[in-house]
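Everything below concerns the one structure shown next.
Residue numbers (my numbering): 46 to 625.
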């Protein structure tokens with residue numbers, strides 16, 4: 046179950062307790078407790094406070110994530126003993142028959158048994174934005190969502206064997222943020238430890254033989270002199286400053302899973318963005334309507350009627366109906382052919398205002414007989430080259446005959462659609478550019494589409510998208526491509542992970558943002574993983590930062606907060622080290 050991915054309470058406690066600083070302070074505290082009084086061991090409280098700060102903040106983050114997992118946990122509607130029952134996902138077993146309806150999440154892998162115009166969105170798994178039509182015998186994967194129609198499927202892989210669970214299992218271990226502050230403090234402490242041993246022995250010998258103190262008193266006084274050499278205040282100040290930043294970010298709906306993530310984000314110089322759910326917010330929108338021969342008014346009337354002809358409209362019909370008003374005349378539906386990814390077109394027959402059959406779909410399919418040199422085909426190709434989705438509305442006076450294209454088709458107009466851009470994406474990316482942070486867009490979608498979205502939101506060097514299927518496997522060669530290109534499409538989950546590794550090998554500090562199961566491997570291995578609060582449970586669990594409200598404007602605020610607190614800590618650290 047992907048909702049179980051993440052750190053346990055035990056792992057959080059161990060990560061905060063077993064540190065070099067705590068080991069050093071604990072050793073000295075034990076010596077004082079053995080040979081002196083508890084009052085002399087009060088310096089050990091600093092280590093306890095340091096542990097409490099880290100544990101409390103990270104447990105609060107875990108509690109928030111757990112509540113999100115419960116809130117978003119899908120249920121399964123299963124056919125048991127002839128009746129439909131709703132059960133927890135963990136109760137689904139192989140060969141169970143599950144029911145699907147619009148909005149349902151596919152909770153286990155399976156084989157479709159029945160499909161009534163069933164459309165499934167697999168973008169969280171593959172990055173592919175367009176819904177896929179499913180028919181009996183097709184496979185459905187856990188983590189996908191039903192966008193249209195209904196159906197039933199037989200469970201073939203459940204629990205840890207399901208596709209989403211397997212992908213999430215590869216990222217089961219939460220990776221601690223690499224912290225230069227933590228590494229620097231540890232280096233200082235190790236150097237101090239090397240110095241402490243000879244100094245401690247010399248001090249102990251002096252106390253014991255030169256001052257002629259009893260053995261126990263000599264130990265206590267030696268420890269007291271050594272404790273003064275350890276920058277306890279610096280360690281405590283670092284934890285307190287980071288904890289305060291975590292609280293401040295929490296008020297801005299940014300959940301920080303680990304204190305050091307605040308520092309990590311401040312040092313990022315490359316941000317890798319997934320397109321689906323990150324730059325785009327899901328759904329598509331109508332961009333342009335271009336009449337071919339007739340008037341734009343008649344074209345819009347036909348589109349408005351067509352978009353409202355289906356009781357269960359698909360995302361394309363919804364986008365058209367949102368942008369174009371319903372026609373005023375009488376348009377009575379006498380027959381329909383629903384859209385399928387295999388046909389790549391749908392059709393509606395009307396009587397009344399403008400009787401006949403209207404076909405809406407891919408231009409190259411509807412006009413397959415006229416050849417690629419046809420002016421309409423050429424114009425459609427020109428529009429498609431910009432990365433938009435292009436559809437053709439055509440008319441035939443003939444009636445519908447089964448699921449075959451009618452004869453005597455004449456083009457009415459071309460429609461372009463694009464993915465709905467997140468309103469805050471351009472502003473956020475502009476901020477990163479100003480800060481000198483490189484931006485890479487990596488997606489499982491078509492490179493042309495990804496490049497079009499990237500250009501819209503203002504990604505530099507987004508003229509062309511690279512097809513990831515052509516990328517080299519060699520890490521050095523891959524890094525060369527990444528250094529000179531900004532947009533990548535058709536990227537597999539393992540390739541996203543390889544891209545992060547290649548950039549890190551070139552010395553970059555990499556932040557990866559994403560919300561799908563297909564982003565989990567890259568989120569885990571990036572220096573900073575940033576997930577959406579509404580994304581998959583697996584992505585939220587392995588990310589160091591979770592944007593609870595899904596607003597990307599929180600990222601610049603987090604970066605500014607991180608840089609502010611790091612600058613303050615580094616200034617005070619210089620004072621502490623000099624003093625000691």
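Glycine included, each C-beta is placed from N, C-alpha and C at the ideal position.
Along the chain, where does the beta strand (DSSP E) that runs through residue 194 open and close?
190 to 202
For residue 169, is the classification buried or exposed, using 16 other Cβ atoms within 10 angstroms of its Cβ as the cut-off for buried?
buried
With distance defined between alpha-carbon atoms, name the residue in 552, 180, 453 and 225 nearest to residue 525.
552
N-terminal and C-terminal residue of the alpha helix (DSSP H) that residue 307 is part of:
305 to 311
Roughly how many angstroms lie between the CA atoms of residue 57 and residue 204, to the nearest whole one?
25 Å
Here's the rule I'm using: 16 or more other beta-carbon atoms within 10 Å means buried, otherwise exposed. How should residue 158 be labelled?
exposed
Looking at residue 406 and residue 391, is the spacing between their C-beta atoms short of 8 Å?
yes
Which of helix, strand or coil does DSSP assign to residue 542?
helix
My understanding is that residue 433 touches residue 497, with C-beta atoms under 8 Å, so please give their C-beta distance in whole angstroms.
6 Å
To the nearest angstrom, how far is the alpha carbon of residue 636 from that of residue 395?
Since the first residue shown for the chain is 46 and the last is 625, residue 636 is missing from the structure and cannot be characterised.
Looking only at its chain, what residues have a beta carbon closer than 8 Å to the beta carbon of residue 503, apart from the 5 residues adjacent to it on each side?
471, 474, 475 and 478
Nearest candidate by alpha-carbon position, reference residue 61, set 305, 77, 579 and 461
305
Within 10 angstroms of its Cβ, does residue 254 collect 16 or more other Cβ (buried), or is it exposed?
exposed
Leaving out five residues before and five after residue 224 in sequence, what residues of the same chain have Cβ atoms less than 7 Å from its Cβ?
305, 308 and 309
From 73, 583 and 176, residue whose alpha carbon lies closest to that of residue 359
176
Quick one: residues in its chain with C-beta nearer than 7 Å to the C-beta of residue 501, no 5 flanking neighbours on either side, listed in chain order?
466
Kindly confirm or deny that the region 574 to 585 and the region 274 to 281 touch, where touching means at least three C-beta pairs closer than 8 Å.
no
Sort out for me which residues DSSP pairs residue 456 with in a bridge.
439
Within 10 Å of its beta-carbon, does residue 340 have 16 or more other beta-carbons around it, so buried, or fewer, so exposed?
exposed
DSSP on residue 126, reduced to helix/strand/coil?
coil
Of the listed residues 426, 535, 352 and 284, nearest to residue 615 (C-alpha basis)
284
Under a Cβ-count criterion, where at least 16 other Cβ atoms within 10 Å of its own Cβ denotes burial, should residue 610 be classed as buried or exposed?
buried
Contact under 8 Å by Cβ, residue 166 with residue 192:
yes
So, is residue 613 buried or exposed, given that buried needs 16 or more other C-beta atoms within 10 angstroms?
exposed
Which first and last residues belong to the beta strand (DSSP E) in which residue 377 is found?
376 to 382
One question on the structure: do residue 186 and residue 142 come within less than 8 Å of each other, judged by their Cβ atoms?
no
So what does DSSP say about residue 426, is it helix, strand or coil?
helix
Does the distance from the CB of residue 511 to the CB of residue 499 come in under 8 Å?
no
Whole-angstrom distance between residue 533 and residue 539, CA atom to CA atom:
14 Å
Alpha-carbon to alpha-carbon, residue 357 and residue 105
42 Å
Own chain, CB closer than 6 Å to residue 589, minus 5 neighbours either side, in chain order:
222, 302, 303, 306, 573 and 574
Under a three-way DSSP split, which group does residue 483 fall into?
strand
Straight-line CA distance for residue 273 to residue 324?
52 Å
How many Å lie between residue 521 and residue 555 at the Cα?
17 Å
Pull the bridge partners of residue 98 from the DSSP assignment, please.
Partner(s): none; residue 98 has no beta bridge.
So is residue 290 buried or exposed if we call it buried at 16+ other beta carbons inside 10 Å?
buried
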